[in-house]
Every structure is written in structure tokens, then in C-alpha cells.
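Asker: Got a structure for you, written out below as C-alpha cells; questions coming shortly.
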């Protein structure tokens, strides 16, 4: 029974990561752990990349795009376009780095909510013959926003991942 609960929790976490457009990838590096971490420190000094971040421990770091996608400032609200967390380990075949990259979680959530809202409003407009055709316009507009925002979140996530992997000269393992 305990094994089934673990499997179910793992599936739910995996599904949530898919919905939120989170990607976990393992890369290898030609550098040893110490030199790779120095390279990570240098990454944050590269103004042309538009990145910022910090070292969390001797083998972990975070990075994020400086681009802001949420205009209002609220406590505990993440406003940047994409976020990355990296962990450096020593593998059998050299130095490995596990990256967990995600867009701002507001983007995929908004995309899903907007698409569902758009479908509902459109259906109300189509099924209710007395409804104003403005319902159709709003419904289609919301649905279109949903369809556009999810790929935008993927683009922003991949842009951050690609900047980091290119600068650190990483090779994909899995």
C-alpha cells in the first residue's frame, strides 16, 4: 500500500511539473566541480546575457532571467521570466550538473485558465441564442491568449536554459 501511495505522489508531482512547464535535465561538463562552479560565478557577471543568480552552496546555484513578466510588485510573487536551479555532482564519467528550469509559474497557469475560460464563454455564446455575439469575441480572445501564453512560457524557459548551457559549455546526458 505504501508503495502505491509513493507511486501516486510521484505521478502527481510529475503531472504538476508538466502543467507548470518545468524541465529537469542532466548535463555533463569537461570541467571538474570546482572549475565548473567558478564558471557559474562568472556567468552572473556577464551583463550581455541578461541573467542574475547566486551560489546557494558549494555545489548548488540558482539563476534567473532579468526580464520581468509580471508588472506589479507583491511580497513572495516571482516576477522574472524564468528560473533555474542547478546542482553539480561527480558522476562515473565526470562532472554532472542537474538543471531544473521553469518559466514564471504565472504564465502556464494563466494560459490554462484563459483557455478554459475562453471555451466556457464561447460555449455560452454559442448555446444561448439570446446571448450577445460579444460573448463569442471574448471567448475566442481568451482562448487565443491561453494558446499563445503556454508556448511563450516554453520559449522563456528554454531561452534561460540555453544561455546557461551554452555559457557553461555543457553536453546533454539525458
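Numbering (our numbering), first residue to last: 475 to 648.
Virtual Cβ for every residue (Gly too), placed ideally from N, Cα, C.
Please read these numbers as outputs of a predicted model, since none were measured by experiment.
DSSP on residue 585, reduced to helix/strand/coil?
Answerer: In the structure shown, residue 585 sits in a helix (DSSP, three-state: H, G or I).
Asker: Is residue 489 buried or exposed, if buried means 16 or more other CB atoms sit within 10 Å of its CB?
Answerer: exposed
Asker: Is it true that the CB of residue 556 sits closer than 8 Å to the CB of residue 539?
Answerer: yes
Asker: Within its chain, find whatever has a CB closer than 7 Å to the CB of residue 542; leave out the 5 residues flanking it on each side and keep chain order.
Answerer: 553, 554
Asker: For the candidate residues 604, 618, 569, whose alpha-carbon lies nearest to that of residue 645?
Answerer: Nearest option by C-alpha distance: 569.
Asker: Around the Cβ of residue 512, are there at least 16 other Cβ atoms within 10 angstroms (buried) or fewer (exposed)?
Answerer: exposed
Asker: Just to confirm, are residue 492 and residue 577 a CB contact at a threshold of 8 Å?
Answerer: no
Asker: Expressed to the nearest angstrom, what Euclidean distance is found between the alpha-carbon atoms of residue 522 and residue 529?
Answerer: 20 Å
Asker: Taking buried to mean at least 16 other C-beta atoms within 10 Å of its own C-beta, is residue 476 buried or exposed?
Answerer: For residue 476, the predicted structure reports a pLDDT of 49, less than 50, and the residue's modelled location is therefore unreliable. A value from the coordinates is still provided. Residue 476 is exposed by the Cβ-count criterion.
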